[in-house]
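Single-structure report; data block below.
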Amino acid sequence: MLFIYRVYQILVMCPLLIVATVITAVITVTGSALGFGRWWGYYPEILWSRLFCWLAFVRVTVSGRENIDPNVSYVFVANHQGAYDIFTIYGYLGHNFRWMMKQSLRKIPFVGWACHWARQIFVDNSSPSATRKTMERAEKLLRGGMSLVVFPEGARTWTGEMRPFKRGAYRLAVEFNLPVVPLTIDGAFKVLPRFKKFPVPGHIHLTIHKPIFPSTDGHDLGQLMEESRAAISSAL
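Oh and the sequence shown: position 106 is 184 in the numbering used here, straight run, nothing missing.
Spelled out as structure tokens, the structure:
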């Protein structure tokens, strides 16, 4: 069965996804260039992401969507099990947002091009000044009322276990006094871990936890990191 599935991936799934990626990128760039990036930088990618799941026979279920308000700006923080985390959140979160993503993703043909025009935040830690500029771009995005999704681990796990969290996303939440929403992704490591090239069919469960709202004095950075990590762990 695995052999048949691999043949299907090579002959059917991959060609369809390449075409879908090119079309989505062109639509995103065109719509964003015309000044409608808030819409075109998010909604076409929902269908694109779901297509990645559907064609790979990956089922995604979501719980906790009632915990978020589409009219509120959040900082979403999620664990990072594998490449299908991106398709899970993009396709099934149900809340307009932009990513904080690795600078290296800018080099992916068509994808990097579309991400640039959609105003995704590429993280550049090559120097203190570059890091500062990254944070400034994220701050500008949040001031505009957009939400942000961050993988605070910084990279996909090698073992399935969560890596230590970095502070960047939390500093933004503290500075802007924004609610933080922990997201648990469970099952993506089995579908496509970072040490494999092709996915396998599976079931991914996305849990949207209740927002952690700032107190009257604002967020406490350390406590915010601990609470969000505990919430994410609770659904694994």
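Just so it is clear, CB atoms sit at the ideal spot from N, CA and C, and this is done for glycine as well. Computed from a predicted structure; not experimentally measured.
Buried or exposed by the 16-neighbour rule on C-beta atoms within 10 Å, applied to residue i
| i | result |
| --- | --- |
| Arg22 | No information on residue 22 is available, as it lies outside the stretch 79 to 314 that the chain covers here. |
| Leu284 | buried |
| Ala192 | buried |
| Gly160 | buried |
| Leu299 | exposed |
| Trp118 | buried |
| Lys96 | Looking at the sequence itself, residue 96 is Ile, so the reference to Lys does not match. Label assigned to Ile96: exposed. |
| Thr106 | buried |
| Ile88 | exposed |
| Cys131 | buried |
| Val259 | buried |
| Ala266 | buried |
| Ile146 | buried |
| Arg84 | exposed |
| Leu112 | exposed |
| Gly238 | exposed |
| Met79 | exposed |
| Ala122 | As written in the sequence, residue 122 is Pro, which differs from the Ala given in the question. Buried, since its Cβ has 16 or more Cβ neighbours within 10 Å. |
| Ser207 | exposed |
| Val90 | exposed |
DSSP beta-bridge partners of residue i
| i | result |
| --- | --- |
| Val136 | Gly280 |
| Leu299 | Paired residue(s): none; Leu299 is not in a bridge. |
| Pro260 | Val155 |
| Ile101 | The partner list for Ile101 (beta bridge, DSSP) is empty, contrary to what the question assumes. |
| Leu226 | Val153 and Arg176 |
Residue closest to residue i, alpha-carbon to alpha-carbon, out of the options
| i | options | result |
| --- | --- | --- |
| Met178 | Gly169, Gly172, Ile164 and Ile186 | Ile164 |
| Ala156 | Leu270, Phe114, Val136 and Glu231 | Glu231 |
| Gly222 | Ile263, Gly115, Ile310 and Arg143 | Gly115 |
| Ser205 | Leu220, Val228, Gln181 and Phe188 | Gln181 |
| Ser225 | Asn149, Arg249 and Ile263 | Asn149 |
| Gly190 | Arg245, Thr102 and Met91 | Thr102 |
| Asp264 | Ser311, Ala233, Arg249 and Lys274 | Ser311 |
| Glu304 | Pro271, Val269, Arg245 and Phe254 | Arg245 |
| Phe229 | Leu219, Ser306, Phe188 and Lys211 | Ser306 |
| Leu256 | Phe243, Glu239, Thr294 and Thr235 | Thr294 |
| Lys275 | Val100, Ser110, Tyr152 and Ala134 | Ala134 |
| Phe188 | Val104, Met91 and Ala309 | Val104 |
| Ala313 | Arg241, Val100, Leu183 and Gly142 | Gly142 |
| His173 | Gly109, Cys92 and Tyr152 | Tyr152 |
| Leu270 | Pro242, Arg184, Trp236 and Arg249 | Trp236 |
Supposed contact pair residue j and residue i - C-beta distance, whole angstroms, cut 8 Å
| i | j | result |
| --- | --- | --- |
| Ala247 | His297 | 12 Å between Cβ atoms; not a contact. |
| Ile186 | Leu261 | That belief does not hold up - the Cβ atoms of Ile186 and Leu261 are roughly 23 Å apart, past 8 Å. |
| Ile290 | Leu302 | 6 Å |
| Val136 | Tyr162 | 6 Å |
| Val227 | Phe273 | Going by Cβ atoms, the distance from Val227 to Phe273 rounds to 24 Å, so no, they are not a contact pair. |
| Ala98 | His158 | The Cβ separation is near 24 Å, so there is no contact. |
| Tyr323 | Val140 | For the chain, the structure presents residues 79 to 314; residue 323 sits outside this window and is missing. |
* To do: Check whether the stretch 207-219 touches the stretch 120-131, counting contact only when three or more Cβ pairs, one atom from each stretch, lie closer than 8 Å.
  => No: fewer than three Cβ pairs fall under 8 Å.
* Any 3 or more C-beta pairs closer than 8 Å across the stretch 269-285 and the stretch 184-202 -> Taking 8 Å as the limit for Cβ pairs, the verdict is that the stretch 184-202 does not touch the stretch 269-285.
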